[in-house]
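Everything below concerns the one structure shown next.
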Amino acid sequence: MNEIELLREFDPSSVDDDAKPAARAALDAAIEGHGLGTVTDRRTSTRRFAGRALVAAVVTTVLAVGGVALLQRQVDDRIDRVGRRTLPAGVLDPSAVTYPMTILVVGSDSRAFVSNAQDAQTFGSAASQSGQRADVMMLVRLTATGVTAVSLPRDLLVDDRGTPRQLNAFFNDGPQPLIDAIKTDLHVEINHYVQVDFRSFMKVVDAVGGLRMNVTDPIRDGYSGLDVAVPGCTRFDGNRALAWVRSRHLEAFDGTRWIDRSGAGDLDRIQRLQQFLQNLMVATKARVGNDLGSTQQIADAVVSSLTVDSRLDRDTIKQLVHRFVQDDPATWTFRTLSVEAAPKDTNRLVVAGPVGDAMFLPTATGGVPTVGPHTLPPGLGDPC
Amino acid sequence: MSGDPHDGRLIRASLDAPEQFADIFERHYRVIDGYCCRRFGGDGHDVSAQTFVEAFGSRHRFEFDRADARPWLFGIVANLGRRHRRTEIRRLRAYARVDHRQAPEADLDARVDAIALGERLASALHGIPRRDRETLLLSAWADLSYEQIAEALAIPIGTVRSRLARARGRLRTALGDLVEDGEADEWAPLQLRGDEA
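As given, the protein sequences belong to chains A and B, one line each in that order. Sequential numbering of the first sequence, starting at 759, is according to my numbering. Sequential numbering of the second sequence, starting at 575, is according to my numbering.
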């Protein structure tokens, strides 16, 4: 082969997401902006500026209000496609038909999607990983004024009839054993159960045009497929975001070699996930407010990623989506259950602080702050 | 997209009916975006999106008798790309430096060869002056003919030829023993496209 043929074969990038909707939206905005421009061009420059600012303000407001309403309608249209799971009577606490409401959110990795060799290598094949795997477990307490989400580390050991057992192992046989274990060992009543399929959910990231987050060094994780060669403000599409929140073997390049950054087991990953969700809330909010085109995709992605208990009604589902998009992110608190290394197995964790309702309360009134060594390097994952 | 897509007519129509410009986007987005991502990695999507916004803003300058807007769009990419030159260079450097982990099952020899080749290509590319590199990549990656490159960059066709020859020489030197002799003189793919004859 000569040098040109070699060059033709060479592709140093590995960008494989689809940014077309976002690019089209940018063009559409320019085309619409042009329309506004021709109207205001006839005015004097001062008035033109004032006129534009006014038009922009009105348009933004209309879109923001209309955007959320549109999202509601889009979700409503698709709600029959939300997966349903019937749990036996008595597993969930039926008392909360209104706030406060406690929901167990499980980010599952059912591995039903593992269909090609590369995925199988990255995530383990369905054959080698029997059952479902709960990679993310979160207790979400909603009140009228705010939301507190408490992450439960997957390596947490709890009592299973006298024997310590890892919390996420309870999920191998479905949600019921997990819910029972949380009730018994963490003393929290759960009103609803929501299962989120990671892979579908990450389409939300693509629908909002990707997230920009700061990467402080080149990072990689051969297990989750994460690979960011050039540090700096980095665009995370759905695939990259998935590898990011899934990574449990993060490595960073310090200029000469790769060093292990996986930190304290699952706690580091939990922090990255919490940070990611906050970033995503902000981005989704902005997009739904200003880009009607991707609202439909957001609704699609959210709806197709959900499986909920059969008693979670239409209005509540809509309300949950609404709150994720519309709440001020500052009213959402993310924290991690208070834990410490298990005495006999330092790779596992045990409960260290109070459990029950105290885990949702503000720190000042007896609640427990995010606990665990802060393992994220400063700046890593910050929005940029 | 109808039987005889004529970009010039479409762009002229978009002067009065701006929404028509969306067809230009639909026609060319994939090719432009693919090229931008290959060159600018994660920034590629931004560059391609901006290309169409800029193209829309300067559509009155397009020569409406041209049936294909692609060279013009690539010219806009080249302009925007200047702002991303440092990103491009950084990426190529990083590519040449970073340890590329591959699937463990892959044949070891093939892997080592591929990595060595990629690194040398990357380091050769970042050593080529910007204008020459631009010309080279419009040919090798964007698949433009000499005439189309001349149109995209608004330069005489002789300049296209000399830039390509220089860039190609740099590549050959950098790749050294990895390039086979003999067939290197035929640069067959660079012929006129049928639709321009």
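Positions of the beta carbon are idealized from the N, C-alpha and C atoms, including for glycine. Given the structure is predicted, the values throughout are model-derived calculations rather than measurements.
* To do: Report all residues from its chain with a CB closer than 8 Å to the CB of L1134(A); omit the five preceding and five following residues, and keep chain order.
  => G1021, D1026, Q1029, R1030, Q1033
* Beta-carbon separation of V898(A) and V849(A) under 9 Å? -> no
* To do: Whole angstroms is fine: what's the gap from G743(B)'s alpha carbon to L699(B)'s?
  => 12 Å
* To do: Quick one: give me the first and last residue of the beta strand (DSSP E) that V954(A) is part of.
  => Start and end: 950-955.
* Which residues in the same chain have their Cβ closer than 6 Å to the Cβ of R1045(A), if we skip the five residues on either side of it in sequence? -> Excluding positions up to five away in sequence, the list reads V966, S1052.
* Check whether the Cβ of Y603(B) lies closer than 9 Å to any Cβ atom in chain A. => Interface residue, yes.
* Does the separation of the CB atoms of R1106(A) and A1099(A) fall below 9 Å? -> yes
* **Rounded straight-line distance, which links the Cα of W715(B) to that of G692(B)** => 15 Å
* Asked: Hey, how far is the Cα of S588(B) from the Cα of G791(A)?
  -> As the crow flies, the alpha-carbon of S588(B) is around 14 Å from that of G791(A).
* Asked: Which full runs of the alpha helix (DSSP H) of 4+ residues lie inside the segment 1038-1085 of chain A, going along the chain?
  -> 1050-1063, 1072-1084
* **CB contact below 9 Å: T992(A) versus chain B** => Chain B contact via Cβ: present.
* If the cut is a Cβ gap below 9 Å, which residues of chain A does A728(B) touch? -> Within 9 Å Cβ-Cβ: nothing; A728(B) doesn't reach chain A, min ~23 Å.
* To do: Starting from S909(A), follow its DSSP beta bridges and name the residues at the other end.
  => Per DSSP, the beta bridge partners of S909(A) are M896(A), T1094(A).
* To do: State the start and end residues of the unbroken beta strand (DSSP E) segment that holds A842(A).
  => According to the sequence as given, residue 842(A) is Arg; it is not Ala. Counting along the chain, the beta strand (DSSP E) containing R842(A) begins and ends at 841-843.
* Asked: Which residues of chain A have a Cβ atom closer than 7 Å to the Cβ of L695(B), listed in chain order?
  -> L764, L765, F768
* Where the alpha helix (DSSP H) containing E721(B) begins and where it ends -> Residues 720-727.
* Asked: Between S866(A) and Q953(A), which are expected to be in contact by the criterion C-beta below 8 Å, what is the C-beta distance as a whole number of angstroms?
  -> S866(A) to Q953(A), Cβ: 5 Å. Contact.
* **Residue range of the unbroken alpha helix (DSSP H) whose run includes R925(A)** => With the sequence shown as reference, residue 925(A) is identified as Leu, and Arg is not the correct amino acid for it. That residue, L925(A), is in no alpha helix (DSSP H); it is neither H nor E in DSSP.
* To do: Please check if any C-beta of chain B sits within less than 9 Å of the C-beta of D1058(A).
  => no
* To do: Leaving aside the five residues before and after A999(A) along the sequence, list all residues of the same chain whose C-beta is less than 6 Å from its C-beta, in chain order.
  => M960, V963
* Asked: L1035(A) to Q1054(A), Cα distance in whole Å?
  -> 20 Å
* **Proximal residues to V1061(A) (C-beta, below 8 Å), its chain only, five neighbours per side dropped** => V833, R836, I837, R839, V840
* How should I1017(A) be labelled, buried or exposed, when 16 other C-beta atoms within 10 angstroms of its C-beta is the threshold for buried? -> exposed
* Note the first and the last residue of the continuous alpha helix (DSSP H) segment covering W1002(A). => 996-1004
* State the DSSP-derived secondary structure class of P703(B), mapped to helix, strand or coil. => coil
* **Backbone secondary structure at W1016(A) - three-state DSSP** => strand
* **C991(A) (DSSP reduced to helix, strand or coil)** => Three-state result, C991(A): strand.
* Please work out which residues of its chain come closer than 7 Å, Cβ to Cβ, to L647(B), disregarding the five sequence neighbours upstream and downstream, and give them in chain order. => H602, I606, T625, A629
* **Where P1112(A) sits in the DSSP three-state scheme** => coil
* Hey, P846(A) and R1069(A): beta-carbon distance below 9 Å or not? -> If you check the CB distance, P846(A) and R1069(A) do not come in under 9 Å.
* To do: Put S866(A) into one of helix, strand or coil per three-state DSSP.
  => strand
* To do: Report buried or exposed for S713(B), applying the criterion of at least 16 other Cβ atoms within 10 angstroms of its Cβ.
  => buried
* Excluding five sequence neighbours on each side, which residues of the same chain lie with their C-beta closer than 7 Å to the C-beta of F768(A)? -> none
* Asked: For S622(B), which residues in chain A fall below 8 Å Cβ to Cβ?
  -> A777, A781
* Asked: Does S713(B) get closer than 9 Å to chain A when you measure Cβ to Cβ?
  -> yes
* DSSP state of E947(A) mapped onto helix, strand, coil -> Here DSSP, grouped into helix, strand and coil, assigns E947(A) to coil.
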